[in-house]
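**Q** Counting the sequence shown from 1 gives a position; the working numbering is that position plus 8.
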Amino acid sequence: MAETLENIQEMVLILNRERQIVFANRRFLEFRGDDNAALVFGLRPGEAVECIHALADDTPAGCGTSEFCETCGAVNAILESQRTGLDIQECSIVREKDADALNLRVRATTFKLGSEPFTLFAIQDISDEKRRGELERLFFHDILNTAGAIRGLADVFEMAPPEKQNEFRHRISVGTSRLIDEINSHRVIAAAEHDELSCSPTQVESLEFLREILFLFDGHASTANRTLAVSESAVDFEFETDRGLLSRVVVNMVRNALEATEPGGTVSVGADHSVDEVRFWVHNSSVMTRDVAVQVFNRSFSTKGKGRGLGTYSMRLIGERYLKGQVSFVSTEKAGTTFEAVFPRKFS
């Protein structure tokens, strides 16, 4: 059996009744970048692929025991196969060592050797397939929406009286700038995932930067009947970072907050600092459901439907992998939801 499993292209594990690895084929070891099978024996799958939730300090019991594991396709496929004999699911895993997002299709089949139950756990990396599909759907959705808005403004411009034409020229100009930014946003995500982004740190003033962020949302549909403002507690200071990449992180934080805010609500943005770190935050009064909260940074997760929304994923990807920071959130009934990004005050 072992010889057969070594010669197939899929990554294959055999797990005991406790979901611990007792066999790993060569393909799985190549994926890990370590050919010593003894290093994975006794580990559970999430620990072996270095899932951030399985290795987190607040998950002392390991893979399958954190609140995030409740929605993990790998864990659920194994548990379901132990009940029914076979299950196939997809899961999204972020690896601890490089914040890399993996989309996996997993197939779990239960069998017995003597009286002892085991699980044959086959893993297929479908990350590239999922990325292409998600980016294509998201790209065309965003581009068509923005292009359609520009077309509508152009049609109105042709019928507008002379005294209104300057206003529509400005709105068309803003729309075309947003169209270019949408295209660049998708290019940045693709480049970030392939380790092709370069950082160009410069000096940034915090309040000037926040005012620029608010200007980007001036007249945007997402701000209709909502207030977007710089918090009175925001502090003005200088720090060093890549301004363009930081803008993408904070813009996505704001966009996410506006989407979650009911008409009449307020989204506030702010910044403060310590001796060595700077913090940017975005707050709104809504609260996330638990199901949303435990998946919010997953690449393939969105509250807006299939193929929508890479914003929360990309803010962590860029903020942590490239800007050397940490992106997190807190969401409670009493205080609402606050996303924050903490970065070193000096980039180099």
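Virtual Cβ for every residue (Gly too), placed ideally from N, Cα, C.
Bear in mind that the values here come from a model prediction, so they are computed numbers and not experimental data.
Cutting at 6 Å between CB atoms, please list the residues of its own chain near residue 346, excluding the five before and the five after it.
**A** So the list reads 289, 291, 338, once near-sequence residues are dropped.
**Q** Just to check my reading of the structure: residue 118 and residue 125 have Cβ atoms closer than 8 Å, yes? What is that Cβ distance to the nearest angstrom?
**A** Sure, about 6 Å apart at Cβ, within 8 Å.
**Q** Pick helix, strand or coil for residue 118, following the three-state DSSP scheme.
**A** Looking at residue 118 - three-state DSSP - the assignment turns out to be strand.
**Q** Would you call the CB atoms of residue 46 and residue 37 closer than 8 Å?
**A** No, Cβ-Cβ distance for residue 46 and residue 37 is not below 8 Å.
**Q** Do residue 110 and residue 101 have their CB atoms nearer than 8 Å?
**A** Yes, they are a contact pair.
**Q** Can you give me the start and stop residues for the beta strand (DSSP E) that residue 222 sits inside?
**A** Looking at the DSSP string, residue 222 is not in any beta strand (DSSP E); the run it does join, the alpha helix (DSSP H), is 214-224.
**Q** Would residue 112 and residue 82 qualify as a contact pair, given that the criterion is a beta-carbon distance under 8 Å?
**A** A contact, by the Cβ cut-off of 8 Å.
**Q** Closer than 6 Å by C-beta to residue 271: which residues in its own chain qualify, once you throw out the five before and the five after it? Chain order, please.
**A** The residues are 233.
**Q** Considering residue 189, what are the terminal residues of the alpha helix (DSSP H) in which it resides?
**A** Unbroken alpha helix (DSSP H) run through residue 189: 170-201.
**Q** Buried or exposed: where does residue 256 fall if 16 or more other Cβ atoms within 10 Å of its Cβ makes it buried?
**A** Buried, because 16 or more other Cβ atoms sit within 10 Å of the Cβ of residue 256.
**Q** Can residue 269 and residue 294 be called in contact, C-beta distance under 8 Å?
**A** Yes. Within cutoff.
**Q** By DSSP, does residue 132 sit in helix, in strand, or in coil?
**A** In the structure shown, residue 132 sits in a strand (DSSP, three-state: E or B).
**Q** Taking residue 30 as part of the beta strand (DSSP E), name the residues at either end of that continuous run.
**A** Per DSSP, residue 30 belongs to the beta strand (DSSP E) from 29-32.
**Q** What's the call for residue 235, buried or exposed, on a 16-neighbour Cβ count within 10 Å?
**A** Answer is exposed; the Cβ neighbour count stays below 16.
**Q** Would a C-beta distance cut-off of 8 Å place residue 131 and residue 18 closer than the cut-off?
**A** Yes; because the gap between Cβ atoms is below 8 Å, this pair is in contact.
**Q** Taking residue 186 and residue 231 to be in contact with their CB atoms under 8 Å, please state how far apart those CB atoms are, rounded to whole angstroms.
**A** That belief does not hold up - the Cβ atoms of residue 186 and residue 231 are roughly 13 Å apart, past 8 Å.
**Q** Please state if the CB of residue 250 and the CB of residue 352 are separated by a distance shorter than 8 Å.
**A** No, the Cβ-Cβ distance between residue 352 and residue 250 is not below 8 Å.
**Q** Where residue 59 and residue 166 are concerned, what is the direct C-alpha to C-alpha distance, given to the nearest angstrom?
**A** Going by the C-alpha atoms only, they are around 56 Å apart.
**Q** Is residue 263 near residue 350, with beta carbons less than 8 Å apart?
**A** Contact: no.
**Q** Return the chain-ordered list of same chain residues with a C-beta closer than 7 Å to the C-beta of residue 336, the five sequence neighbours on each side being excluded.
**A** The answer, listed in chain order, is 348.
**Q** Residue 260 and residue 320 - do their beta-carbons sit closer together than 8 Å?
**A** Contact flag set, yes.
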